[in-house]
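Read through the structure below, which is laid out as structure tokens, and then see the notes.
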Amino acid sequence: MVLVNVTGGAPGRTDQGSTAGREFPADFAELLPELNQQPSDHLVTKKTWGAFTNTGLGTLLEDLGVTQVVLTGVATSIGVESTARSAHESGFNVTLALDAMTDLTMNAHENSVSTIFPRLGETGTTQEILDVLKATRS
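Per the working numbering: the sequence shown = residues 1286 to 1423.
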């Protein structure tokens, strides 16, 4: 299992202002206890929208022999979409758990789900994905 958290933001200028140097709550990068992080899990900390940018995630996954990634997270049209694009472009099979992500606006979420994600991978609910994984292991 690879878990990803985020600290800070990319330093580039934007119309909305940079997130680099912005103050976040002390527990901002903490993983939810419900994720049940195990000692054998890998933790990747990103500083940009996508989890593959300057984190070594692609190399880690290749070294582990991973060919399939399942993505969840916040925000659908930002972090999840950026990571999905990079994963797809890097040759990984991408599955997106649609009921395990959210966004700042419903319009942004819906655009990613209906327009972008079908071009990058396969989509389903968390339960559908778990059922497929369970079936392939039996």
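Don't be surprised by glycine CBs; every beta carbon is placed ideally from N, CA and C.
- Item | Start-to-end residues for the alpha helix (DSSP H) that takes in valine 1417 | 1411–1422
Just to confirm the assignment, what range does the alpha helix (DSSP H) spanning aspartate 1348 have? That run of the alpha helix (DSSP H) goes 1342–1348.
Opposing strand residues paired with lysine 1332 [DSSP bridges]: Its beta-bridge partners do not exist; DSSP assigns none.
Is the region 1355–1368 touching the region 1312–1329, taking contact as three or more C-beta pairs under 8 Å? Result no; under three Cβ-Cβ pairs closer than 8 Å.
| said: Please identify the residue among Gln1301, Gly1297 and Thr1292 whose C-alpha is closest to the C-alpha of alanine 1314. | reply: Checking every option, the nearest Cα to that of alanine 1314 belongs to Thr1292.
Per DSSP, which residues does glycine 1358 bridge with? Please list them.
-> Met1386
| Do the CB positions of valine 1329 and leucine 1342 come within less than 8 Å of each other? | yes
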